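Visitor:
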Amino acid sequence: DAGVIQSPRHEVTEMGQEVTLRCKPISGHDYLFWYRQTMMRGLELLIYFNNNVPIDDSGMPEDRFSAKMPNASFSTLKIQPSEPRDSAVYFCASSDPGQGNYGYTFGSGTRLTVV
Amino acid sequence: SQQGEEDPQALSIQEGENATMNCSYKTSINNLQWYRQNSGRGLVHLILIRSNEREKHSGRLRVTLDTSKKSSSLLITASRAADTASYFCATVLQGAQKLVFGQGTRLTINP
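Line by line, the protein sequences are chains H and X. Using the working numbering, you'd call the opening residue of the first sequence number 1 and step up by one each time. Using the working numbering, you'd call the opening residue of the second sequence number 1 and step up by one each time.
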């Protein structure tokens, strides 16, 4: 398996623009997580899905953020409109606890810079 | 808010020495996990210890868990330059599936 695949690796955008981050989880993993990492706040869980259904979105900062998982192999995190304080590294991770594999597999992340 | 807090925040040792990192958490957990993050990369799962376990080994890694003190430690023996990274503890709360991460320990191994 190629692991969790995120795209793009880097994104630079202007304030006010829409940004879409993409994630392909490991095949067979039924949990998908979106995290954000900054120096100030560390790793924050934004939202997670189980079998494509959002379970907990309490970490989503505000209405400018939305996430979808239209099928088991694809998820998006959208920021509209983007602001400079959204600059961070965004990670996607997946897991398969039903098989006793409780560890998460992380993607390489998307480094977002909003100028 | 962070569930886990690592100590120390930064650790610098000589190659070959052992490195010990500690983690404390606040609420009852299902399991506790340790991850490594190399600069600019994603996190890599190292080891998981369940709430009913007290110690676990994996290669040069040794993890302990004391649920009465709500604390865990990660020991890396015979450290190598390639062990230079940030190490995070993360907890899965009872009744939940999500991982909550601490702030991490930056480990530097000097050749």
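Positions of the beta carbon are idealized from the N, C-alpha and C atoms, including for glycine. Just so you know, these numbers come straight off a predicted model, no measurement behind them.
#1: Can you find a CB in chain H that lies within less than 9 Å of the CB of His45(X)?
#2: Thinking C-alpha only, which one of Val63(X), Ile47(X), Glu6(X), Lys56(X) is nearest Gly42(H)?
#3: Taking only the alpha-carbon atoms, compute the straight-line gap between Asp83(X) and Arg85(H) and give it to the nearest angstrom.
#4: Enumerated in chain order, which unbroken segments of the beta strand (DSSP E) with a length of 3 residues or greater are wholly contained in the stretch 62–107 of chain X?
#5: Mind checking Arg80(X): buried by the 16 CB within 10 Å criterion, or exposed?
#6: Of all the CB atoms in chain H, is at least one closer than 9 Å to the CB of Gln2(X)?
#7: Given a threshold of 16 other Cβ atoms within 10 Å of its Cβ, counted over all protein chains shown, does Ser39(X) qualify as buried or as exposed?
#8: Give the single residue among Ile109(X), Glu55(X), Thr20(X), Gln14(X) whose Cα lies nearest to the Cα of Phe88(X).
#9: In this structure, how does DSSP classify Asp63(H) when only helix, strand and coil are distinguished?
#10: Can you pull the chain X neighbours of Asp56(H), defined as C-beta to C-beta under 7 Å?
#11: Kindly indicate which three-state DSSP category Pro54(H) falls into: helix, strand or coil?
#12: Determine, using beta carbons only, whether Arg50(X) and Asn22(X) come nearer to each other than 9 Å.
#13: Hey, could you find the ends of the beta strand (DSSP E) Glu6(X) is sitting in?
#14: Taking DSSP as the reference, what is the three-state secondary structure of Pro97(H)?
#15: Asp57(H) and Lys98(X) - do their beta-carbons sit closer together than 9 Å?
Guide: By the coordinates alone:
#1: yes
#2: Glu6(X)
#3: 32 Å
#4: 71–76, 85–93, 99–101
#5: exposed
#6: Confidence at Gln2(X) is low in this model, with a pLDDT of 49, below 50, so its placement is unreliable and no value can be given for it.
#7: exposed
#8: Thr20(X)
#9: coil
#10: Lys98
#11: strand
#12: no
#13: 5–7
#14: helix
#15: no
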